[in-house]
Amino acid sequence: MGYHIDVPPRAGSTRRDALGMAAALLAGGALSFRAAAPASAEESEDSCSAHYDAEFESALASADERIPEDDDRGIARFGPPGRCALPLRRRYRITAQYGVRGDWLAGHHTGIDLAVPRGTPVYAVGGGVVVLARWSGAYGNAVTVRMPDGHYAVYAHLSRIGVRQGARIRTGAGLGSSGATGRATGPHLHLEIRARRHYGSDVSPSKYLARRGARLW
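This is the structure in structure tokens:
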């Protein structure tokens, strides 16, 4: 059963938010579904705009600290050791590659955008603990999963969330449905992989998945 989340009023940027962004950046210290040819962020109508939200980062930090790392024990057994799954099980179009330069606070696109129709099921690339499953500001309705290797996966702009905070999930578990909530120009999944919890610690989702047996293209 899914949990529909109302979209709150969009807040304006403040000096406090800007300071929070800077602090976060300093702290940051086997299936294959081929995609269509990637498009640049400038060409796409189904991608992300500015992708930082101080309130979300604060909520993520608080929630993560409340879930002991001991909760991660045993999660590796929820899928083949060291293996990942693809987040979508239908054809998609890459509309913004990871690392594309642009107006994002990090200076580049921190995830990869996979355009699919609204309501397309989204699946966990790896097992882990659901740290947040809620409205997440610029990310819209989003699910953030902490995986046993210490990486975090953010699944953003969902139209529907299908898991609860604190849940332990298996690789390939259903997380919800794709959408265009938050700062998005059209329906797509923004998949972001972070080496640590903090914004700015992102790594290439394509390379992360490929090393674990799942290729995005």
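Under UniProt numbering, the first residue of the sequence shown carries the number 1, and numbering increases by one thereafter.
The beta carbon of each residue, even a glycine, is placed where N, CA and C say it ideally should be.
The alpha-carbon separation between V100 and G162 amounts to approximately 30 angstroms. Distance from the Cα of Y155 is smallest, within the candidate group A210, E69 and P205, for P205. Runs of the beta strand (DSSP E) lying entirely within the UniProt domain "M23ase beta-sheet core" (108-197), each at least 3 residues long, are 112-115, 121-123, 128-135, 141-146, 152-161, 174-178 and 188-194 in chain order. In terms of Cβ geometry, S47 and G119 do not form a close pair [threshold 9 angstroms]. Going by beta carbons, A180 and A133 fall outside the 9 angstroms limit.
Y152 sits away from R211, with the two beta carbons spaced by 9 angstroms or more. H190 is positioned such that its CB atom lies closer than 9 angstroms to that of Y139. Beta-bridge pairing by DSSP links C84 to no other residue.
Scanning L175, G172 and D113 for the CA closest to the CA of P187 turns up D113.
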